[in-house]
């Protein structure tokens, strides 16, 4: 698509979409939302970029192929689930560590496997959607 | 304890990730092989745990049943997981010889491991919606494996396969929705009580039929089987062996689970339908096979006919019939996967799978001929191979309740199976090659032959062991069937002791 308006707008849009997708990812682990929707929005950002600059350029911006991103995401999600093994809990039990307090109400923030799992989901969705759309775009 | 149940699913997934990242190197295939070996080890650990404790269950994420996802293994689940791992390992070895490097680079091994993970998950889950998810995992992986490597035939087969399987999962999903609406739970153990107490038993029967149709498409029973012979003859032989061995059996397993655990309120109606469906499945499958002249198409139709025996074991619904059904399930996976392996090696030697265009294999590859005879005759039910005991149990169960006609049909189908097997034997092995060439093993590289013959010989050895020493296997199947008919253990292990 060779529209100068679209190309110029795409720069703004892509940046905004990325910030929004990260926001959705982070917001999700305490409240509804999370990795899946964040991954979709992140994928939309790349799709807008590839529509503006062409799929070859978009692939270059991604650096690694979307399939590898999806697979890495699957691996991260799996590791997040397996982590509870060391704590003697069943598979996928969330492990929470509070910083600056000892519960949700008092702590400044928390480190937990739930967010790691969501990052895995984010990458799976991002990689999966992008491998599909890039394949379609390059076909034509 | 809970990790025993998780690892058979987690190991193939982890293998898939690593194998995909290493897909461009030779290491990829060895990682897949090692992962399949590890899967077999963790499945064996699961089997030992089940043998020691009867039924074991684990609540994922510590969410108590019936709210969270439960993984359960009773005897039937455990044996299915082990046999899946064995088939997976055999295929991983076979694939070393068959799969070309371009296909490996497309991520063949990752897809294959995901397929194994999906099948294992379906056998272990104790939650209906989770079962649907595993069906989808299997469908995605199997569709990709069906079309990988390209070609018009494969795409054609893939479209038919995926379209019909989507219809099946859609019906299954609608059934899940209705069932949840009626009972408010999807945990299978919890459903047993909830379904029995439901006010509207008529609606329950309707839902049961939706499940029967949904699983029936997966299991390829009459009249829903037409996707199977349309698609199983096109992919790589390693893939069609896994499909033939495992995929339809997941449907049979799901039928067995749901129609012994949950839908037992109106056995006279639901199981009667299943009974006649089974009889027709056996018969149409074997008749369909008689009309074919392609190695793999004959075998595909025989899958259908054999599925009929397994669902027959469920439909007769006596203790002995279920023993036969479980025994048949295990025996059939080994034998059928092996026959597809043999077809692949025969193609390497003779250049085709069309029986009119090959021949002379007996003279030039006697070892392969011997290794074909074992699963082929086992399939037909020749004593003393494993198939004989499987058929014996089913027929005896039918005679026990004076179902003469059904016993007669199952024996007749056995006879017709011999007809098809001797047709393959005569045309592929005995008659001289029509092009006058000698299909020597030298036509395939030594590396290919070695990788392919090992799993064939291994599975044939298992057939012989089960055939000559069936006692422990029948005992095992007896316990499995007892657990199916009286799932008190299953329910209390999942839900805890009820007040």
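Protein chains in written order, with the working numbering: chain B, 564 to 703; chain R, 2 to 500.
Ideal Cβ placement from N, Cα and C applies to all residues, glycine included.
Just so we're clear, the structure is a prediction, and the values are computed from it rather than from any experiment.
- For residue 60 (chain R), the beta-bridge partners assigned by DSSP are R:71.
- If you draw a straight line from the Cα of residue 396 (chain R) to the Cα of residue 403 (chain R), it is about 10 angstroms long.
- Taking a C-beta distance under 7 angstroms as the contact criterion, residue 309 (chain R) and residue 282 (chain R) qualify as a contact pair.
- Against chain R, the CB of residue 653 (chain B) has a partner CB under 7 angstroms away; the residue lies at that interface.
- The DSSP assignment places 129-148 as complete runs of the alpha helix (DSSP H) inside the stretch 123-159 of chain R, in order along the chain (cut-off: 4 residues).
- Take the alpha-carbon of residue 47 (chain R) and the one of residue 248 (chain R): they are about 21 angstroms apart.
- In this model, residue 272 (chain R) and residue 413 (chain R) are separated by some 22 angstroms (Cα to Cα).
- Looking from the CA of residue 35 (chain R), the closest CA among R:66, R:478, R:359, R:17 belongs to R:17.
- Here the alpha carbon of residue 610 (chain B) sits roughly 7 angstroms from the alpha carbon of residue 693 (chain B).
- With at least 16 other beta carbons inside 10 angstroms of its own, residue 133 (chain R) counts as buried.
- Collapsing the DSSP output to three states places residue 339 (chain R) in a helix.
- As for any alpha helix (DSSP H) of minimum length 4 sitting wholly inside the stretch 305-374 of chain R, the runs are 320-351, 362-365, ordered along the chain.
- For residue 181 (chain R), the three-state secondary structure derived from DSSP is helix.
- Counting only residues of its own chain and dropping the five nearest sequence neighbours on each side, residue 58 (chain R) has a CB closer than 8 angstroms to the CB of 6, 66, 71, 72, 73, 74, 127, 494, 495.
- Contact annotation: the stretch 459-472 of chain R touches the stretch 326-344 of chain R, with at least three C-beta pairs closer than 8 angstroms.
- Chain order gives the chain R residues near residue 630 (chain B) as 21, 108, where near means a beta carbon separation below 8 angstroms.
- For residue 95 (chain R), the enclosing alpha helix (DSSP H) stretches over residues 76-99.
- Residue nearest to residue 22 (chain R) within the set B:678, B:636, B:674, B:579 is B:636 (criterion: CA-CA distance).
- Listed as beta-bridge partners of residue 188 (chain R) by DSSP are R:128.
- If you compare the alpha carbons of R:365, R:347, R:244 with that of residue 358 (chain R), the shortest gap goes to R:347.
- If you draw a straight line from the Cα of residue 456 (chain R) to the Cα of residue 617 (chain B), it is about 48 angstroms long.
- For residue 53 (chain R), the uninterrupted alpha helix (DSSP H) run begins and ends at 28-54, by DSSP.
- When the beta-carbon positions are compared, residue 215 (chain R) and residue 172 (chain R) come within less than 7 angstroms of each other.
- Within 8 angstroms of the CB of residue 14 (chain R), the CB atoms of chain B belong to 637, 641, in sequence order along the chain.
- In this model, residue 186 (chain R) and residue 129 (chain R) are separated by some 9 angstroms (Cα to Cα).
- Within the stretch 233-298 of chain R, the runs of alpha helix (DSSP H) that reach at least 4 residues and sit entirely inside it are, in chain order, 238-243, 249-262, 268-291.
- Counting along the chain, the unbroken alpha helix (DSSP H) around residue 21 (chain R) starts and ends at 3-22.
- Residue burial annotation: residue 191 (chain R) is buried, with at least 16 other C-beta atoms found within 10 angstroms of its C-beta.
- If you draw a 10 Å sphere on the C-beta of residue 489 (chain R), you find fewer than 16 other C-beta atoms in it, and that means exposed.
- DSSP places residue 470 (chain R) in no alpha helix (DSSP H); its state is neither H nor E.
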